[in-house]
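In our numbering, the protein residues as written are 144 to 255.
For glycine and all other residues, C-beta sits at the position ideal for the given N, C-alpha and C.
Everything below concerns the one structure shown next.
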Amino acid sequence: KMLDSFRMGRIMRVIRMLPFFGELRLMLQMVGNSLHSLFWLMVFLMILLFVFAIMLTGGVTDYMNRVAAGSIADPDLVSGLTNDYGSLFSTMYTLFKGMTGGISWGEIAEPM
144 KMLDSFRMGR
154 IMRVIRMLPF
164 FGELRLMLQM
174 VGNSLHSLFW
184 LMVFLMILLF
194 VFAIMLTGGV
204 TDYMNRVAAG
214 SIADPDLVSG
224 LTNDYGSLFS
234 TMYTLFKGMT
244 GGISWGEIAE
254 PM
C-alpha cells in the first residue's frame, strides 16, 4: 500500500512537469471558477420564470373564472389554456420549453 502511494506521488510529479497537463489544469481551474457565475445565472433565470409564470397564471385564472361565470368559450381554447397555463408549475414548464427550444413560441402564444 505504501508503495502504491509512492508511485502515485511520482506519477503526479511527472504530470505537473508536462506542459500539456499544466494547460489542462489551467482550463479546468477556469471552468471551475465559472461555475459560481453559472449558478447565479440559473437562480436569476428561475426567478424570472417564476415572476412571469405568476403573471400568466393569474391572467389565465381570471379568464377561466369569467368563462365559468357564463360566457361562451371554445372548448379547445379552454383545454389548451388549462394544459399550458393551468398551474404555476405548468406555466413555468411551458415558458422553459419555449425558452430552450422545446416548443415554438407560436404554439405557446396561440391560446393567448
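N-terminal and C-terminal residue of the alpha helix (DSSP H) that residue i is part of
i      : result
ASP219 : 218-228
ALA257 : The requested residue 257 is not part of the displayed model; the chain covers only 144 to 255.
GLY241 : 231-243
Buried or exposed (CB count within 10 angstroms, at least 16 for buried), residue i
i      : result
ALA196 : buried
MET238 : Just to set this straight, residue 238 is Leu in the shown sequence, not Met. Buried, since its Cβ has 16 or more Cβ neighbours within 10 Å.
ASP205 : exposed
LEU181 : exposed
LEU191 : exposed
Minimum C-alpha distance to residue i - residue among the options
i      : options                           : result
THR200 : GLY165, MET185 and SER233         : SER233
VAL203 : TRP248, MET173, PHE187 and MET255 : MET255
Review point. Can we say the stretch 209-221 touches the stretch 169-184, given the rule of at least three CB pairs closer than 8 Å?
Key: no
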